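For the record, the sequence lines run as chains L and U.
With numbering that gives the first Met the number 0 applied, the first sequence corresponds to residues 0 to 298, in that order.
With numbering that gives the first Met the number 0 applied, the second sequence corresponds to residues 0 to 298, in that order.
Yeah, the Cβ is synthetic: ideal placement off N, Cα and C, and Gly gets one too.
As the structure is a prediction and not an experimental result, all values here were calculated from the model.
Below: the structure, in C-alpha cells.
Number of protein chains: 2
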Amino acid sequence: MLNNAISIVGLGSMGYGMATSLVRAGHVVHGFDIAPAAMDRFVADGGTAASLVDAATASDILVIVVLNAAQTEAVLFGPDGWAKNLRKGAAIIACATVAPEFARTCAARCAEMGLHYLDAPISGGAAKAALGKLSIMASGTQATFDAAAPALDAMAETVFRLGDEAGSGSAMKAVNQLLAGVHIAAMAEALTFGMTQGVAPAKFVEVISQCAGTSWMLENRAPHIVDGDYTPRSSVDIWPKDLGIVLDIAKSAKFGAPLTAAALQQFLAASGSGHGGEDDAAVAKVYARNAGLKLPGEV
Amino acid sequence: MLNNAISIVGLGSMGYGMATSLVRAGHVVHGFDIAPAAMDRFVADGGTAASLVDAATASDILVIVVLNAAQTEAVLFGPDGWAKNLRKGAAIIACATVAPEFARTCAARCAEMGLHYLDAPISGGAAKAALGKLSIMASGTQATFDAAAPALDAMAETVFRLGDEAGSGSAMKAVNQLLAGVHIAAMAEALTFGMTQGVAPAKFVEVISQCAGTSWMLENRAPHIVDGDYTPRSSVDIWPKDLGIVLDIAKSAKFGAPLTAAALQQFLAASGSGHGGEDDAAVAKVYARNAGLKLPGEV
C-alpha cells in the first residue's frame, strides 16, 4: 500500500527534527513513536503515522533514533520488529549511541537477512537535527551508504565515513561522548571554582571562551548557567547513560578512564539529587551545593 | 646610569619571547636569568644583560616571568630584591601562575613601598610570547595599568582587565589552567580509548575537532601525538605545578574538584615515569602504557 518512503522510529528531541528534515526534503515519511502525541504532531507537520510493521513494509530506508541498544534491538528484532518485514536491500540507519560490538552484531544479523545496516550515531543536538544539519559518524559497506544516501543527505550537514564495517561509527561516537561529558563537568567544575575566587560566571564565559581553556561544550553550555536557564536542550540523564556505555566499552578493553569515571559521578549526583530532567549544565548545581555557592537565578 | 628602560627577569620559553617583543617595540630592555647562556643570547638579540639590582635601579617597568610564587617573592623581596631598589611609582608586572591570595599580599607590600603591582598571569604559549601576542589576565589599580601600559602593549594581543584589585587576574588564570590541564588529560584519555576501539589517532583528530567533543587543547595538542613529536612546547611538569596550585586554592575554599584531581594524577604518572620534560601531550603515554597500546612513533 505504502511505497518508496522513509520510515523513522523515535520522534523525540533528535528524531523529530530528523523526521521533519526528511519531510522538508520532499520524502514521504512514516513516523512511529510510543507517544501518540508525538505522532499526532508529526502528522500535523506533514508526516504520516504508521505502525512499526506498516512502516517496515512501506519503506526502503528506516531510521532508528531511540535511546539505547535495547530499544534498537527491539525495533529491529522484536515481535513487531522491522528486520523480518523489510524488503531485501533496504537500508537501516541506526542512530542510538551503542557499543561498537552491538553494532557489529546487528550488522551481521541484518546482512544474513539481505539488509543493509548503517552504524550511524548522530551528533549536534536538537537544533541542528531540526535544520537537517547533524553530524553523522557512519560506518558500513559502500552498498549501505548508497542505499541510505537519500536520508543522510536530508538529515546531515556532515557525514563522517569511518570505514566499511559497522562498529567504527559507534566507536567514534563513544570517543566524542567521553569528551563531551568530561568537558561539561569540567566546565561546571571550573565555573564554580572560579566563583569561590570571585570570578563571576558571566566574566568566566567572556574570558575563558577566548583562552586556551575553552571547549565547544563550555561555549555552548556555560551560558545556560549564566542565564540560570536549565530548560533541557540535552538533559543530565543522557550522561549516566552515555558515559556508562563508554565505561562499559572501556572495561571490556581493560582501559582505565579516570576522568570519565569522575565526570560520571558528578552526573549521577546531579541526577540523584533531582536534576536528571534538566539541561546537562545543571551538573554545576552539584558543585555549587557542595561548595555553598548560589548559581545565577538561585535564591 | 641606565634609565627609562624595561627590565625582565626570567628568560625561559615564555620570558624570552616577551623580552624580544619588548626590544622589537623599541624599548631598552634589561634581561636577567640565572642561566648565563640565556643572557648572552638575549644580548645577541638586542637586549642588555643586567644584574637584578641594576635592572631595578635602571627601569620604571619590571616584568617577572618566573616559575612560581617562591621565585616571584625572591625577585621582589629577596636579598637582591627589586622592591627596595625601585623608584616610587614603578610598575611591576607579575606573570607567574600564583594563588590569588599571594598576589594580594604582594600588591599590598608593594603599595606600602609606593610601587604598582599588576597581577598579570599570561596565557598563549611560547609561540605567541615571541610574537608579542599573549593573552594577559590582569588586575590592578588604574594607576598600575597606566604605568604598565608600554610593556603590556608590546607583549600582549589581549589584556583582560579583571578588576582593580590584585588577585582577580590570578583567579582567572587558575580557572583557565584547571580547564587546560583537564582538557589535555581528557584528550589523551579519549584518543587512547579510541585506539582500543580501532580509531586511529589521525582519524580521531580529523573527526573530533569538528564535533561537540572538541577543545582548544585537543586541537592544539593531539596533533603532537599523531606526529609522535614530544618536543616540549609546554612540558608535562607544568601541570603538577599548576594543577597543584589550583587544588591548593580549592582546598582553602573547601571546594571539591574531582576532575582536576584525576587529571593531576595522570600528569604525576607521566612525570614520575620519566616524561616530565616532554611536551604535555606525553600524558597520553601513561594511558597507552596502561592499556598495552603503542602510540604513533613508538616501537
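1) What residue ranges within the region 8-70 of chain U form continuous alpha helix (DSSP H) runs of no fewer than 4 residues, ordered along the chain?
2) Counting C-beta neighbours from all protein chains within 10 Å, is the total for residue 71/U 16 or more, i.e. buried, or is it exposed?
3) Could you tell me the alpha carbon to alpha carbon distance between residue 275/U and residue 263/U, rounded to whole angstroms?
4) Decide yes or no for the touch test of the region 209-220 of chain L against the region 245-257 of chain L: beta carbon pairs closer than 8 Å, at least 3 of them.
5) Tell me the rounded alpha-carbon separation between residue 2/U and residue 58/U.
6) Compute the Euclidean distance between the alpha carbons of residue 98/L and residue 270/L, then round it to the nearest angstrom.
7) Considering just the uninterrupted stretch of the beta strand (DSSP E) at residue 117/U, what are its terminal residues?
8) Which residues in the same chain as residue 24/U place their Cβ atom closer than 6 Å to its Cβ, once the five residues preceding and following it in sequence are excluded?
9) Starting from the C-beta of residue 9/U, find all residues in its chain whose C-beta is less than 6 Å away, skip the five residues before and the five after it, and write them out in chain order.
10) Note down the Cα distance separating residue 141/L from residue 163/L, rounded to an integer number of angstroms.
11) Going along chain L, which residues have a C-beta under 9 Å from residue 99/U?
12) Distance check for residue 48/L and residue 186/U, CA to CA, integer angstroms please.
13) Could you tell me how far apart the beta carbons of residue 28/L and residue 46/L are, in whole angstroms, since I believe they sit closer than 8 Å?
14) Provide the residue span of the beta strand (DSSP E) that contains residue 157/L, from first to last.
15) Determine whether the beta carbon atoms of residue 239/U and residue 203/U lie at a separation below 8 Å.
16) How many Å lie between residue 86/U and residue 55/U at the Cα?
17) Quick one: what does DSSP say residue 6/L is sitting in, helix, strand or coil?
18) When the Cα of residue 93/U is compared with those of 69/U, 35/U and 19/U, which residue comes out closest?
19) Are any of the Cβ atoms in chain L nearer than 8 Å to that of residue 67/U?
20) Less than 8 Å separating the beta-carbons of residue 100/U and residue 16/U?
21) Within the same chain, show all residues whose beta-carbon is closer than 7 Å to that of residue 230/L, passing over the 5 residues directly before and after it, in chain order.
22) According to DSSP, is residue 173/U helix, strand or coil?
23) Cβ closer than 8 Å: which chain U residues qualify as neighbours of residue 249/L?
24) Using a Cβ-Cβ cut-off of less than 9 Å, give me the residues of the region 101-129 of chain L that come near chain U, in sequence order.
25) Residues in its own chain within less than 6 Å of residue 121/L by CB, not counting five upstream and five downstream?
26) With a threshold of 8 Å between beta carbons, is residue 96/L in contact with chain U?
27) Do we get a CB-CB distance below 8 Å when we pair residue 259/U with the residues of chain L?
28) Which class does residue 133/U belong to by DSSP, given the choice of helix, strand or coil?
29) For the region 164-188 of chain U, which residues have a beta carbon sitting closer than 8 Å to at least one beta carbon of chain L?
30) Decide if the region 188-201 of chain U is in contact with the region 277-294 of chain U; the criterion is three or more beta carbon pairs, one per stretch, under 8 Å apart.
31) Rounding to the nearest angstrom, what Cα-Cα distance links residue 0/L and residue 280/U in this structure?
32) Going by C-alpha to C-alpha distance, which of 225/L, 272/L and 126/L sits closest to residue 373/L?
33) Looking at the unbroken alpha helix (DSSP H) that takes in residue 287/U, where does it start and where does it end?
34) Compare the C-beta of residue 289/U against all C-beta atoms of chain L and say whether one is closer than 8 Å.
35) Taking the runs of the beta strand (DSSP E) that are 3 residues or longer, which of them lie wholly in the region 249-283 of chain U?
36) Considering only residues of the same chain and omitting the five flanking positions on each side of residue 4/U, which have a CB-CB separation below 6 Å?
If we stick to the structure as given:
1) The region 8-70 of chain U contains, as complete alpha helix (DSSP H) runs of 4+ residues, the segments 12-23, 35-43 and 51-57 (chain order).
2) Along the second sequence, one-based indexing puts residue 71/U at 72. Residue 71/U should be labelled buried.
3) In the second sequence, the residue the question calls residue 275/U occupies position 276. In the second sequence, the residue the question calls residue 263/U occupies position 264. Going by the C-alpha atoms only, they are around 13 Å apart.
4) no
5) For this step, residue 2/U is matched to residue 3 along the second sequence. For this step, residue 58/U is matched to residue 59 along the second sequence. Low per-residue confidence applies at residue 2/U: pLDDT is 47, beneath 50, and the placement is therefore not dependable, though the value from the model is reported in the following sentence. Between residue 2/U and residue 58/U, the C-alpha separation is close to 6 Å.
6) Position 99 of the first sequence holds residue 98/L. Position 271 of the first sequence holds residue 270/L. One C-alpha to the other measures close to 23 Å.
7) By one-based count along the second sequence, residue 117/U stands at place 118. Following the DSSP letters along the chain, one finds residue 117/U inside the beta strand (DSSP E) bounded by residues 115-118.
8) Stepping through the second sequence from its first residue, residue 24/U is reached at position 25. Closer than 6 Å at Cβ, skipping near neighbours: 153.
9) The sequence position of residue 9/U within the second sequence is 10, counting from 1. Result list for residue 9/U: 64 and 65, in chain order.
10) Counting from 1 along the first sequence, the entry for residue 141/L is found at position 142. Counting from 1 along the first sequence, the entry for residue 163/L is found at position 164. When rounded, the distance between both Cα atoms is 7 Å.
11) As a working note, residue 99/U is residue 100 in the second sequence. Going along chain L in sequence order, the residues near residue 99/U (Cβ under 9 Å) are 196 and 197.
12) By one-based count along the second sequence, residue 186/U stands at place 187. By one-based count along the first sequence, residue 48/L stands at place 49. Using only the alpha carbons, I get a separation of about 43 Å.
13) Stepping through the first sequence from its first residue, residue 28/L is reached at position 29. Stepping through the first sequence from its first residue, residue 46/L is reached at position 47. Sure, about 5 Å apart at Cβ, within 8 Å.
14) The count along the first sequence starts at 1 and reaches residue 157/L at position 158. Note, residue 157/L: beta strand (DSSP E), 155-160.
15) Along the second sequence, read from residue 1 onward, the residue named residue 239/U stands at position 240. Along the second sequence, read from residue 1 onward, the residue named residue 203/U stands at position 204. Taking 8 Å as the Cβ cut-off, residue 239/U and residue 203/U do not qualify as a contacting pair.
16) In the second sequence, the residue the question calls residue 86/U occupies position 87. In the second sequence, the residue the question calls residue 55/U occupies position 56. Each residue's alpha carbon lies about 8 Å from the other.
17) Residue numbering aside, residue 6/L sits at position 7 when the first sequence is read from its first letter. The answer is strand: DSSP assigns residue 6/L an E or B state.
18) What you label residue 93/U is simply residue 94 of the second sequence in a count that begins at 1. Of 69/U, 35/U and 19/U, the residue nearest in Cα terms is 69/U.
19) Numbered from 1 along the second sequence, position 68 holds the residue referred to as residue 67/U. Judged by the 8 Å Cβ criterion, residue 67/U is not in contact with chain L.
20) For the purposes of this step, residue 100/U is identified with residue 101 of the second sequence, where counting begins at 1. For the purposes of this step, residue 16/U is identified with residue 17 of the second sequence, where counting begins at 1. With contacts defined as CB atoms closer than 8 Å, residue 100/U and residue 16/U fail to qualify as a contacting pair.
21) Stepping through the first sequence from its first residue, residue 230/L is reached at position 231. So the qualifying residues of the chain are 278.
22) Residue mapping note: residue 173/U aligns to position 174 of the second sequence, counting from 1. Here residue 173/U carries a helix assignment [DSSP, helix/strand/coil].
23) Within the first sequence, numbered from 1, the residue matching residue 249/L stands at position 250. The contacting residues are 192 and 195.
24) 122, 123 and 124
25) If you number the first sequence from 1, residue 121/L lands on position 122. 94, 133 and 135.
26) In the first sequence, the residue the question calls residue 96/L occupies position 97. Closer than 8 Å: no.
27) On the second sequence, residue 259/U is found 260 positions in, with the first residue counted as 1. Interface residue, yes.
28) As a working mapping, residue 133/U is identified with position 134 in the second sequence. Of the three classes helix, strand and coil, the one that applies to residue 133/U here is strand, per DSSP.
29) If the cut-off is 8 Å between Cβ atoms, the region 164-188 of chain U has 166, 167, 170, 171, 173, 174, 175, 176, 177, 178, 179, 181, 182, 184, 185, 186 and 188 near chain L.
30) yes
31) The residue labelled residue 0/L in the question sits at position 1 within the first sequence. The residue labelled residue 280/U in the question sits at position 281 within the second sequence. Note that residue 0/L scores 35 on pLDDT, short of 50, meaning its location in the model is unreliable; the coordinates nonetheless yield the value given after this. The straight-line gap separating the alpha-carbon atoms of residue 0/L and residue 280/U is approximately 59 Å.
32) Residue 373/L is absent from the model: chain L starts at 0 and stops at 298.
33) The sequence position of residue 287/U within the second sequence is 288, counting from 1. Taken as a continuous stretch (DSSP letters only), the alpha helix (DSSP H) holding residue 287/U covers 282-290.
34) As a working note, residue 289/U is residue 290 in the second sequence. Closer than 8 Å to some Cβ of chain L, the Cβ of residue 289/U qualifies, so yes.
35) none
36) Here residue 4/U corresponds to residue number 5 of the second sequence, with the count starting at 1. Cβ neighbours of residue 4/U beyond the five flanking positions: 27, 29, 57 and 58.
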